[in-house]
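Colleague:
2 protein chains.
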Amino acid sequence: MTDRAPWITYRPELKVLDCTIRDGGLMNNHQFDNDVVKAVYETCVEAGLDMMEIGYKMSRKQADPKKFGPFKFSDEESIRKIVGDNKTSLRLAVMADAGKCDYETDILPKEQSVIDVVRVATYVNQIPMAVDMIHDAHEKGYEVWCNIMAISIVQEPDLQQALEVLATTPASVVVVVDSFGALYREQVDYLVKLYQSALKGTGKEVGIHAHNNQQLAFANTIEAIILGCNRVDATMMGLGRGAGNCNMELLIGFLRNPKFRIRPIYKLLQDHMLKLREKMEWGPVVPYNISGLLNQHPRAAMAVRASTGPDKDDFVSFYDKCVSEV
Amino acid sequence: MTDRAPWITYRPELKVLDCTIRDGGLMNNHQFDNDVVKAVYETCVEAGLDMMEIGYKMSRKQADPKKFGPFKFSDEESIRKIVGDNKTSLRLAVMADAGKCDYETDILPKEQSVIDVVRVATYVNQIPMAVDMIHDAHEKGYEVWCNIMAISIVQEPDLQQALEVLATTPASVVVVVDSFGALYREQVDYLVKLYQSALKGTGKEVGIHAHNNQQLAFANTIEAIILGCNRVDATMMGLGRGAGNCNMELLIGFLRNPKFRIRPIYKLLQDHMLKLREKMEWGPVVPYNISGLLNQHPRAAMAVRASTGPDKDDFVSFYDKCVSEV
């Protein structure tokens, strides 16, 4: 094959994961109507996506089920209300946060579950617990991924050590996660290569999960793909915490694998996502630009955007406050 | 100097051009209040930007001055109302479109003008006229740049030929212009290198002017910068035709030259740009995603977004229509 315009070819091994409901639920306590969750599920199937992450496996001791919708917990019953026995080619994932999941009891043996993949999310200081969770889920029969969060504020020796440890686990994928939407292209390059190097020879794939604080989620995802990432996260209309994620409709437009279909995604956007947007705000508005630029957690930006007062659009005061806290 | 994290250093020779009023005027027939134009000008000065493109030099025979605001024509008098004698370090530019500018008469000798730079915008088939305009402006005493538009639909031999011709002119900068917001990172790479190669040895700089149809304007600008582009266009809050341009507030956050200051830009956004946004829409909404993806002119997307009926958000019908026209 010629190498003249590789961007019009594709890698069959590249797989796309939709995490609209899981990540988007951070904006509305997972209070989605079931018809929205079902519409996202059916769109993923029609669009030929590889996987849908439907929600969290959150401990009921740590989150009040009266305050949160069902996909904060993703019980088997709640999932089956949406997907039945999921007789489709779409695989299903849930996210289990280290320290926030009663995984010994709440993650069922695979033969009792319609879930295919458990994604263990961990901060770098929780790696030993994450490793235990990875083994637990793997022994129960699941494919397991690991997302190390907030790596833009992690020191490199810590990250290197975490990757060395994860390399010895049965996790099949380790995901580069830009939790704060702080990374520029060259930093994505650096980290993807670091992950690839640490996982070399293990057969594990590197994934990418980008946030859109600086309008770079899609671009950084492209960059990771160019470098060989074969597991790619995106969400419908970019719905996700704060600034949101890589937009699925952009990603599928970029990918060339003919199994992907973009038209059902546009249909979902106009039928469901626009209505969600009327109810809640996400996307790269200025306060998220600022938190991304300063490599800070988006919680302060989320608070200012939730305000009904004039501070909502007082970008300068927000910037001054963030800078004084650095 | 170490090469370990070059992204935290900077190139002093990199210069930033604001084209908020010039490109944004394509959304409102340049009907800006003078206080907005003045606020953008003062912000450019305070932010330490290098250049502001204030408007077009449009022929009055081709555009009715009753229909358009003053910066469609950018008379000396209109400009001086904003900038006086411009006793600042900010240089001023105007854009002159090939075939739409009475340049022989409307571009005054430099000694009668507060303008520093004339940017000649041309389609590839108008290169002979553009060359005449470049010589005219240069002989009148201006620095001259050349923007070749819509290059994502130009055949490579034509583009090569155009660059060969421009290499012999007194233009000091040739700008890579992604008019349709269609280019992905690898294509930006390809084109920037093509321009650099064609202009090698002439001392000319390569510039970048990106559109945001696929949320890639900022990322593609970063890419061009990494490759050595030293003339960079951006606009306040991304204001520009259709999906808009590279956001100045993001770009200045990314650049490391201490002469740039981001705080005045946030101030402009909250004091002026938010109000403009209430009156007109720009940014990467779905119809612009589609026109960018399909490498089409944004005029159809602009028409559908200007609609007050249900077709405004009927993304599927718009997509079907655009695909049928390919």
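Line by line, the protein sequences give chains Y and R.
Counted from 1, the first sequence has number 227 at position 227 by the working numbering; the numbering is strictly sequential.
Counted from 1, the second sequence has number 1020 at position 20 by the working numbering; the numbering is strictly sequential.
Ideal Cβ placement from N, Cα and C applies to all residues, glycine included.
(1) Kindly list the residues whose CB is nearer than 8 Å to the CB of R/Gln1126, restricted to its own chain and excluding five residues on each side of it in sequence; keep chain order.
(2) Answer yes or no: does any C-beta atom of chain R fall closer than 8 Å to that of Y/Val286?
(3) Along chain A, which residues have their Cβ under 7 Å away from the Cβ of R/Arg1263?
(4) So, helix, strand or coil for R/His1297, using DSSP?
(5) Starting from Y/Asn147, follow the beta strand (DSSP E) in both directions and report where the run begins and ends.
(6) So the alpha helix (DSSP H) Y/Thr221 belongs to, where does it begin and stop?
(7) Should the stretch 1154-1165 of chain R be regarded as contacting the stretch 1176-1186 of chain R, the criterion being three or more beta carbon pairs within less than 8 Å?
(8) Of the residues R/Arg1256, R/Glu1077 and R/Met1149, which one's Cα is nearest the Cα of R/Leu1049?
(9) Give a yes or no on whether the minimum CB-CB distance between R/Tyr1184 and chain Y is below 8 Å.
(10) What residues from chain R crowd round Y/Gln270, counting only those whose CB sits closer than 7 Å?
(11) Between the Cα of R/Met1149 and the Cα atoms of R/Asp1136, R/Met1051, R/Asp1178 and R/Thr1088, which residue gives the shortest distance?
(12) Comparing C-alpha positions only, which one of R/Pro1012, R/Gln1187 and R/Glu1046 sits nearest to R/Ile1262?
(13) Anything in the stretch 1198-1230 of chain R with a Cβ closer than 9 Å to a Cβ of chain Y? List those residues in chain order, please.
(14) Note down, one range per segment and in chain order, each alpha helix (DSSP H) of at least 4 residues found wholly within the stretch 247-322 of chain Y.
(15) Only counting the same chain, and skipping five residues up and downstream in sequence, which positions put a Cβ closer than 7 Å to that of Y/Ile20?
(16) Thinking just about the alpha-carbon of each residue, which of R/Val1232, R/Asp1233 and R/Ala1243 is nearest to the one in R/Leu1301?
(17) Let me make sure I understand the geometry here. Which of R/Asp1189, R/Thr1168, R/Leu1092 and R/Glu1186 has the alpha-carbon closest to that of R/Tyr1142?
(18) Per the contact definition of three or more C-beta pairs closer than 8 Å, is the stretch 1202-1218 of chain R in contact with the stretch 1226-1235 of chain R?
(19) Give the DSSP-derived three-state secondary structure of R/Met1058 in the structure shown.
(20) Any beta carbon from chain Y within less than 8 Å of R/Asn1028's own beta carbon?
(21) Taking a contact to mean a Cβ-Cβ separation below 8 Å, would you say Y/Arg241 touches Y/Met27 in this structure?
(22) Taking only beta-carbon atoms, is R/Gln1187 less than 8 Å away from chain Y?
(23) So for Y/Thr122, helix, strand or coil by DSSP?
(24) Have a look at the DSSP bridge pairing and note the partners of R/His1211.
(25) Here's the rule I'm using: 16 or more other beta-carbon atoms within 10 Å means buried, otherwise exposed. How should R/Gln1062 be labelled?
(26) For R/Glu1186, I'd like the list of residues in its chain whose CB is within less than 6 Å of its CB, leaving aside the five on either flank, ordered along the chain.
(27) Using a Cβ-Cβ cutoff of less than 7 Å, which residues in the same chain neighbour Y/Met289 once the five nearest sequence positions on both sides are dropped?
(28) Taking all protein chains shown into account, decide if Y/Arg60 is buried (16 or more other Cβ within 10 angstroms of its Cβ) or exposed.
(29) Going by Cα to Cα distance, which pick from Y/Thr308, Y/Met58, Y/Gly253 and Y/Ser307 is closest to Y/Asp106?
(30) Y/Gly99 versus chain R: which residues are under 8 Å apart at the beta carbon?
(31) For Y/Lys81, which of helix, strand or coil comes out of DSSP?
(32) May I have the straight-line CA-CA distance separating Y/Leu328 from R/Gln1160, to the nearest angstrom?
(33) I'd like the span of the beta strand (DSSP E) that includes Y/Val94, first residue to last.
(34) Does DSSP put R/Leu1049 in a helix, a strand or coil?
(35) Just curious, the alpha helix (DSSP H) that R/Lys1193 is in, first and last residue?
(36) What does R/Lys1267 touch in chain Y if you count any residue whose Cβ is under 7 Å from its own?
Modeller: By the coordinates alone:
(1) To locate residue 1126 of chain R, count along the second sequence from 1; it is residue 126. Within the same chain, R/Gln1126 has close Cβ partners Ala1098 and Gly1099.
(2) Residue numbering aside, residue 286 of chain Y sits at position 286 when the first sequence is read from its first letter. Residue contact with chain R for Y/Val286: present (Cβ-Cβ distance below 8 Å to some residue of chain R).
(3) Of the protein chains in the structure, Y and R, none is chain A.
(4) Taking the first residue of the second sequence as position 1, residue 1297 of chain R is located at position 297. If DSSP states are grouped into helix, strand and coil, R/His1297 belongs with coil.
(5) Position 147 of the first sequence holds residue 147 of chain Y. From DSSP, the beta strand (DSSP E) with Y/Asn147 extends over Glu143 to Ile148.
(6) Counted from its first residue, the first sequence places residue 221 of chain Y at position 221. Residues Ala217 to Ile226.
(7) In this structure the stretch 1154-1165 of chain R does not lie against the stretch 1176-1186 of chain R, because fewer than three pairs of beta carbons, one per stretch, are closer than 8 Å.
(8) As a first step, residue 1049 of chain R is located in the second sequence; it is residue number 49 there, counting from the start. Among R/Arg1256, R/Glu1077 and R/Met1149, the Cα nearest to that of R/Leu1049 is on R/Arg1256.
(9) In the second sequence, counting from the first residue as 1, residue 1184 of chain R sits at position 184. Yes, its Cβ sits closer than 8 Å to a Cβ of chain Y.
(10) The residue given as residue 270 of chain Y occupies position 270 in the first sequence. Listed along the chain, the chain R residues whose CB falls inside 7 Å of the CB of Y/Gln270 are Asp1313, Asp1314, Phe1315 and Val1316.
(11) Along the second sequence, one-based indexing puts residue 1149 of chain R at 149. For R/Met1149, the closest C-alpha among the options R/Asp1136, R/Met1051, R/Asp1178 and R/Thr1088 is that of R/Asp1178.
(12) Working through the second sequence from its first residue, we reach residue 1262 of chain R at position 262. Residue R/Glu1046 holds the alpha-carbon nearest to the alpha-carbon of R/Ile1262 among R/Pro1012, R/Gln1187 and R/Glu1046.
(13) Taken in chain order, the members of the stretch 1198-1230 of chain R whose beta-carbon sits within less than 9 Å of a beta-carbon on chain Y are Asn1212, Gln1214, Gln1215, Leu1216, Ala1217, Phe1218, Ala1219, Asn1220, Ile1222, Glu1223 and Ile1226.
(14) Those alpha helix (DSSP H) runs which fall completely within the stretch 247-322 of chain Y and span 4+ residues are 248-254, 263-268, 274-279, 286-293 and 299-306.
(15) Sequence index remark: in the first sequence, residue 20 of chain Y carries index 20 (1-based). In the sequence under discussion, the amino acid at residue 20 of chain Y is Thr, which differs from the Ile named in the question. Around Y/Thr20: Val40, Thr235, Met236 and Leu239.
(16) Here residue 1301 of chain R refers to the residue found at position 301 when the second sequence is read from its first residue. The sequence shown places Ala at residue 1301 of chain R, not Leu. Comparing Cα positions, the closest option is R/Ala1243.
(17) Within the second sequence, the letter at position 142 stands for residue 1142 of chain R. Answer by Cα proximity: R/Leu1092.
(18) Contact holds: three or more Cβ-Cβ distances are below 8 Å.
(19) The residue given as residue 1058 of chain R occupies position 58 in the second sequence. Looking at R/Met1058 - three-state DSSP - the assignment turns out to be coil, as it is neither helix nor strand.
(20) For the purposes of this step, residue 1028 of chain R is taken as residue 28 along the second sequence, with counting starting at 1. Chain Y, which has no Cβ nearer than 8 Å to the Cβ of R/Asn1028, makes this no.
(21) If you number the first sequence from 1, residue 241 of chain Y lands on position 241. If you number the first sequence from 1, residue 27 of chain Y lands on position 27. Going by C-beta atoms, Y/Arg241 is nearer than 8 Å to Y/Met27.
(22) Here residue 1187 of chain R corresponds to residue number 187 of the second sequence, with the count starting at 1. With 8 Å as the cut-off, R/Gln1187 counts as an interface residue toward chain Y.
(23) By one-based count along the first sequence, residue 122 of chain Y stands at place 122. It is a strand residue.
(24) Stepping through the second sequence from its first residue, residue 1211 of chain R is reached at position 211. Answer is R/Asn1245.
(25) Along the second sequence, read from residue 1 onward, the residue named residue 1062 of chain R stands at position 62. The residue is exposed, with fewer than 16 neighbouring Cβ atoms inside 10 Å.
(26) By 1-based counting over the second sequence, the position of residue 1186 of chain R is 186. Correct list: empty, nothing qualifies.
(27) Taking the first residue of the first sequence as 1, we reach residue 289 of chain Y at position 289. As written in the sequence, residue 289 of chain Y is Asn, which differs from the Met given in the question. Short of 7 Å from the beta carbon of Y/Asn289, and not among the five residues preceding or following it, lie these beta carbons of its own chain, in chain order: Asn213 and Gln214.
(28) Start at 1 with the first residue of the first sequence, and residue 60 of chain Y comes out as number 60. The residue in question, Y/Arg60, is exposed, as its Cβ has fewer than 16 Cβ neighbours within 10 Å.
(29) For the purposes of this step, residue 106 of chain Y is taken as the residue at position 106 of the first sequence. In terms of CA proximity to Y/Asp106, Y/Met58 leads the group Y/Thr308, Y/Met58, Y/Gly253 and Y/Ser307.
(30) The sequence position of residue 99 of chain Y within the first sequence is 99, counting from 1. The premise fails here: Y/Gly99 is roughly 32 Å from chain R at the closest Cβ pair, so nothing lies under 8 Å.
(31) Reading the first sequence from its first residue, position 81 is the one you call residue 81 of chain Y. The answer is helix: DSSP assigns Y/Lys81 an H, G or I state.
(32) Since the first and last residues shown for chain Y are 1 and 326, residue 328 of chain Y lies out of range.
(33) Counting from 1 along the first sequence, the entry for residue 94 of chain Y is found at position 94. Taken as a continuous stretch (DSSP letters only), the beta strand (DSSP E) holding Y/Val94 covers Arg91 to Asp97.
(34) The count along the second sequence starts at 1 and reaches residue 1049 of chain R at position 49. DSSP places R/Leu1049 outside both helix and strand once states are collapsed to three, so it counts as coil.
(35) Taking the second sequence and counting its residues from 1, one reaches residue 1193 of chain R at position 193. Run containing R/Lys1193: Arg1185 to Leu1199, per the alpha helix (DSSP H) assignment.
(36) Here residue 1267 of chain R refers to the residue found at position 267 of the second sequence. Those within 7 Å of R/Lys1267 in chain Y are Val316.
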